[in-house]
Amino acid sequence: MIQLLANWILSFDMLSGMGASVAWGLSLFIVAALIFVFVAVNAIVLVYIERKVSAFMQVRLGPMRVGKYGTLQTVADALKLLQKEDIIPKMADKVLFVVGPWVILVASVVTFAAIPFSDTLLAANMNIGLFYVVSISSIVVLGIVMAGWASNNKWSLYGAMRSAAQIISYEIPVGITLIAVVAVVGSLNLQTIIEAQGGTGNLFHWIPIPLPNWFIFHSPFLFMAAFVYLIGATAEINRVPFDIPESESELVAGFMTEFSGLRWALFFLSEYANATLVAFLVSIVFLGGWQSPFSSYQGTQIGFSIITIFALFWTIFVQGKTKRLSVYPLGLSLVITIAAWLFPGFAIWMASPGIFWMLMKVAGIIFLLMWFRWTFPRLRVDQLMYLSWKVILPLSLINLMGVAIWMWLTGEIQF
Amino acid sequence: MSYFSNITNAITTLVDGMKVTMGYFVRAREHVTLQYPDEVWPIPTRNIGVGELDSYNTIRSKLVVDFEDCIGCKACERACPVDCIHIETFKAGPEEDIGTTKNGTKIKLRVTSFTIDMSECMFCDLCTPPCPEDCIRMTPDYQFVSNDNVKLDVTPEERWRDRGHLIYQFSKVSPEERAQRGAEAEKEAAAKAAALEAKRIAAEKAAAAKAAEEAAQKEVTEETQEVNPSQNMVEAAAAPEVTPPQAPPGPPTQAKPPVEAGMERVDLPMETSAVPENPVDKPVEKPAFTETPAEPETSTDTNDASKGETENG
Chain A
278 MIQLLANWIL
288 SFDMLSGMGA
298 SVAWGLSLFI
308 VAALIFVFVA
318 VNAIVLVYIE
328 RKVSAFMQVR
338 LGPMRVGKYG
348 TLQTVADALK
358 LLQKEDIIPK
368 MADKVLFVVG
378 PWVILVASVV
388 TFAAIPFSDT
398 LLAANMNIGL
408 FYVVSISSIV
418 VLGIVMAGWA
428 SNNKWSLYGA
438 MRSAAQIISY
448 EIPVGITLIA
458 VVAVVGSLNL
468 QTIIEAQGGT
478 GNLFHWIPIP
488 LPNWFIFHSP
498 FLFMAAFVYL
508 IGATAEINRV
518 PFDIPESESE
528 LVAGFMTEFS
538 GLRWALFFLS
548 EYANATLVAF
558 LVSIVFLGGW
568 QSPFSSYQGT
578 QIGFSIITIF
588 ALFWTIFVQG
598 KTKRLSVYPL
608 GLSLVITIAA
618 WLFPGFAIWM
628 ASPGIFWMLM
638 KVAGIIFLLM
648 WFRWTFPRLR
658 VDQLMYLSWK
668 VILPLSLINL
678 MGVAIWMWLT
688 GEIQF
Chain B
3 MSYFSNITNA
13 ITTLVDGMKV
23 TMGYFVRARE
33 HVTLQYPDEV
43 WPIPTRNIGV
53 GELDSYNTIR
63 SKLVVDFEDC
73 IGCKACERAC
83 PVDCIHIETF
93 KAGPEEDIGT
103 TKNGTKIKLR
113 VTSFTIDMSE
123 CMFCDLCTPP
133 CPEDCIRMTP
143 DYQFVSNDNV
153 KLDVTPEERW
163 RDRGHLIYQF
173 SKVSPEERAQ
183 RGAEAEKEAA
193 AKAAALEAKR
203 IAAEKAAAAK
213 AAEEAAQKEV
223 TEETQEVNPS
233 QNMVEAAAAP
243 EVTPPQAPPG
253 PPTQAKPPVE
263 AGMERVDLPM
273 ETSAVPENPV
283 DKPVEKPAFT
293 ETPAEPETST
303 DTNDASKGET
313 ENG
């Protein structure tokens, strides 16, 4: 994409005077800025959505005052944070205190360089994309420890230490789970991983239910691996129920306690960037990334017809028992189905891979993370370690071996 | 085996929890509470058993005075069992026309202050029947919130609760006029007191002169044993003139008894409205956060004013 942008810049007569390297550097800068803007806007939108989701799950309405339905609430919050006084505690280690948040933010944003948004839209097509993402996102823990140590506050230090222990513990099962997928594809390139998930096949290779060839439907082991990865990744980004590094009831705000204003906003930004990154990785590795769930336009029509029938049954038998009938899911699927049957162009667009499907999957995973967050109680430290070392790690090892055996059984690999 | 049952248990309970939250997520609008400033509950309509159905068929809440119709008779003030109504009136001048009420009664008293302390009001509705002009009434408006922090014209004694926004001033007379009226009344009272004082001094002088004369005469009568009729006449004339010295303005008079007024109207044992007999005892009953120790009683103050006014009248 950077090279394409550079060529596009050079294609203008007015700008062709600059050298190729200058154009390349300029497009590099533009792409970096675009990624940063994506991360920032993404955080603002996600904070609003998270507040709304949490409110609905707790039978509230959430922000309702700023803008229609409170849509401008997070913009106002961001403006407030930018205006706030920037406090550095007197006894803090000034250098680390200033650098820490930026390390976290940079580590979160830089990972997006390797994330493919669609089949053409990605900053850098690396052949070690998955390895790059996993390794760079681990740098976050460095920034957290820096911030926690520099604050010269017991809560901050506790939070940082817990965070470090937690991230290092969960790094192992997450890595092994991803290796299981890499074993299937034989490549660390994220584009190659997504391309390997195209088309439609049977569920678990033998069960005759036509489903897309996503790795979550590849085998029971990868199905399990998807959940193992999701749990491990949730722990890695310090989200509830694994939020002991910043558990409000124990450590005021964990490693963020002493931070205010812009620096605190950076933590928030990186938190949501990390959540988005996890959602991207799950959809890339297990849900087919930018691949459409439908292999052809007939597939779109039939698939949405089936979804509409399901929505109809759900509306009648589940929603019909409640006081107020919610017909939005049924109506939405009905509209899309009719559109798919009436307009073949729409059906073809739905069946073709693209950024739409990628973002839909990412949104779904982020909603799942929010659903987790506002449902589950927090784990204790010992429970956390129990889960990591005694449950998740053995499960990921079983997955790795199981996938290998499964591929030998299905004949995907020969010896 | 407890290892696997643990895992199964964890998964099932987590799925249960997720079902619950998703159920609320989908049907949040159904269960969410009232968004108060934007929406309010409809006011319940019911008959409270007083008056016409259409005019009084409602809840009793905020007291309202149609000030244009108030004649300052203080019937409501006397009826109030908790002393939350305070009225201050001055007699209108001879050529001053204050107006008439909707019933055609000519208003003779200038009501300079009409405060209702809503923090003390107990919504008993006893003040509305005595009103001869039907100008004090209870409304169904139960919302005491306000956006502005209005500084009301209330006495410092009323301020001790720091609930200024709950003391409603209905008088439309400006504080300047109120002060002017008060000053005029004070001046009048002072003039009257001065006149009385002068009279008293004159009478004393006369008495002293008479006494001296009597003493002088005694010496004479001891000798002559004669009675001067003119001297006796002077004594007889002076005796009624000698009035006791005028009490200084603002003696600690007893609080007006509003209990009796309420008792007459309602045939109920009015233990609830039992006002402490001694106003000095009252501050003890008040909450401990009063910072003004043993402050002068509000009712006595207003009573003094009203007493002065009636004396002036």
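Protein chains in written order, with this note's numbering: chain A, 278 to 692; chain B, 3 to 315. A virtual CB, placed ideally from N, CA and C, is assigned to each residue, including glycine. These numbers come from a predicted model, not from an experiment.
Option nearest residue i by Cα separation, candidates the options
i	options	result
residue 630 of chain A	A/690, A/620, A/481 and A/476	A/476
residue 544 of chain A	A/444, A/514 and A/561	A/514
residue 128 of chain B	B/168, B/203, B/86 and B/195	B/86
residue 394 of chain A	A/633, A/666 and A/434	A/633
residue 659 of chain A	A/668, A/468 and A/651	A/668
residue 32 of chain B	A/528, A/336, A/320 and A/316	A/336
residue 674 of chain A	A/502, A/428 and A/316	A/502
residue 176 of chain B	B/11, B/17, B/210 and B/112	B/112
residue 588 of chain A	A/561, A/607 and A/350	A/607
residue 174 of chain B	B/103, B/116 and B/181	B/116
residue 298 of chain A	A/595, A/464 and A/280	A/280
residue 360 of chain A	A/450, A/327, A/542 and A/504	A/542
residue 483 of chain A	A/627, A/496, A/471 and A/685	A/496
residue 432 of chain A	A/682, A/593, A/521 and A/467	A/521
residue 122 of chain B	B/114, B/84 and B/91	B/84
residue 535 of chain A	A/455, A/672, A/486 and A/423	A/423
residue 426 of chain A	A/523, A/527, A/456 and A/373	A/373
residue 305 of chain A	A/400, A/532, A/593 and A/516	A/400
residue 396 of chain A	A/327, A/412 and A/471	A/471
residue 562 of chain A	A/627, A/461 and A/549	A/461
Cβ of residue i within 8 Å of any chain B Cβ
i	result
residue 680 of chain A	no
residue 540 of chain A	no
residue 337 of chain A	yes
residue 668 of chain A	yes
Three-state secondary structure assigned by DSSP to residue i
i	result
residue 323 of chain A	helix
residue 676 of chain A	helix
residue 449 of chain A	helix
residue 684 of chain A	helix
residue 111 of chain B	strand
residue 334 of chain A	helix
residue 285 of chain A	helix
residue 116 of chain B	strand
residue 170 of chain B	strand
residue 98 of chain B	coil
residue 269 of chain B	Per-residue confidence for residue 269 of chain B stands at a pLDDT of 41, beneath the threshold of 50, marking its modelled position as unreliable; the derived number appears in the next sentence. In this structure, residue 269 of chain B counts as coil in the three-state DSSP scheme.
residue 657 of chain A	coil
Neighbourhood of residue i by C-beta distance below 8 Å, restricted to the same chain and skipping five residues each side
i	result
residue 338 of chain A	332
residue 301 of chain A	279, 280 and 283
residue 353 of chain A	343
Min CB distance residue i to chain A below 8 Å
i	result
residue 42 of chain B	no
residue 175 of chain B	no
residue 38 of chain B	no
residue 27 of chain B	yes
residue 66 of chain B	no
residue 113 of chain B	no
Contacting residues, own chain, Cβ-Cβ under 6 Å from residue i (five flanking each side not counted)
i	result
residue 403 of chain A	391 and 409
residue 418 of chain A	441 and 444
residue 447 of chain A	509, 512, 513 and 665
residue 285 of chain A	none
residue 429 of chain A	368 and 369
residue 271 of chain B	Because the pLDDT of residue 271 of chain B is 43, which lies under 50, any placement of that residue in the model is unreliable, and the number read from its coordinates should be weighed accordingly. Closer than 6 Å at the Cβ level, and outside the excluded window around residue 271 of chain B, lies no residue.
residue 267 of chain B	Interpretation of residue 267 of chain B is limited by its pLDDT of 40, a score under 50 that renders its predicted location unreliable; the figure taken from the coordinates is listed afterwards. Closer than 6 Å at the Cβ level, and outside the excluded window around residue 267 of chain B, lies no residue.
Same chain only: Cβ atoms within 7 Å of residue i, ignoring 5 sequence neighbours per side
i	result
residue 382 of chain A	543, 546 and 547
residue 434 of chain A	425 and 426
residue 456 of chain A	677
Residue i at chain C interface by Cβ criterion, 8 Å
i	result
residue 30 of chain B	Checking the listed chains, one finds no chain C in this structure; the protein chains it contains are A and B.
(request) Compile a chain-ordered list of the residues in the stretch 7-24 of chain B whose CB is closer than 8 Å to at least one CB of chain A. (result) 9, 16, 19, 20, 22, 23 and 24
(request) Check distances from the C-beta atoms of the stretch 633-656 of chain A to those of chain B and list, in chain order, the residues that come in under 9 Å. (result) 648, 649, 651, 652, 653 and 654
(message) Please list, in chain order, the residues of the stretch 310-344 of chain A that have any C-beta partner in chain B closer than 8 Å.
(response) 330, 332, 333, 334, 335, 336, 337, 338 and 341
(request) Compile a chain-ordered list of the residues in the stretch 70-90 of chain B whose CB is closer than 9 Å to at least one CB of chain A. (result) none
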